[in-house]
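In the numbering used here, the protein residues as written are 13 to 214.
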């Protein structure tokens, strides 16, 4: 009986100093919950297989090459590669005539004769006034750098290269160096130059 009264008295008086059964229970529950969370695997970034990574790199490089070829072809076909003086302004036609005269004098040993150049100009729908302008340009030639600068300004860079190619006649070392300089100053790409060479070089 004495022990029973002692137990009952302790229950009625509550916890002793320093004892917090409710807080201890909450702490145990929180620790248990944290342990369960730690046991659950967290979402991680997907692991990329080495072969898959290599395949992605190869596909990326192929895509870059395909895009490069597409842009090169687009750049090439964006230039008008057919000489037709009827479609050009009088100022642009004058620039072409001056460029042809400059090319004729670049390598007189192998350059086309003025008569041959005039014939090609007639085929390209050149009016008689342009043929007269060619004679004037041969008599009073203009410096090449201003001609090329104006060709870029008037958007006839490929035309100027084409008439220079025609005027130079057959390919020689001097002519090739001259054309390389003209193409570089005009900013023409290799694809455009190759296309013009195939079309106009005889």
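Just so you know, even glycine gets a beta-carbon here, dropped at the ideal spot from N, CA and C.
The Cβ atoms of residue 171 and residue 108 lie closer than 8 Å to each other. Residue 103 is positioned such that its CB atom lies no closer than 8 Å to that of residue 197.
Under the three-state reduction of DSSP output, residue 120 falls in the coil class, being neither helix nor strand.
Per DSSP, reduced to three states, the secondary structure at residue 66 is helical. When 161, 112, 175 are compared, the shortest CA-CA separation from residue 146 is found for 112. Taking the C-beta atoms as reference points, residue 149 is found nearer than 8 Å to residue 110.
Residue state for residue 200 is assigned as coil, using DSSP reduced to three classes. DSSP, read as helix, strand or coil, puts residue 209 in helix. Straight across, the Cα-Cα distance linking residue 121 with residue 173 is about 20 Å. Here residue 100 has 108, 168, 171 as same chain residues with Cβ atoms under 8 Å from its own Cβ, once five neighbours each way along the sequence are excluded.
When the Cα atoms are used, residue 153 and residue 211 turn out to be separated by approximately 27 Å. Taking C-alpha positions only, residue 141 is separated from residue 191 by approximately 27 Å.
Within the segment 118–155, the alpha helix (DSSP H) runs of at least 4 residues that lie entirely inside it are, in chain order, 126–135, 140–151. Of 69, 194, 62, 201, the smallest CA-CA separation from residue 175 is found for 194. Distance check between residue 180 and each of 129, 105, 158 places 129 closest, using alpha-carbon atoms only. When the Cα atoms are used, residue 164 and residue 186 turn out to be separated by approximately 24 Å.
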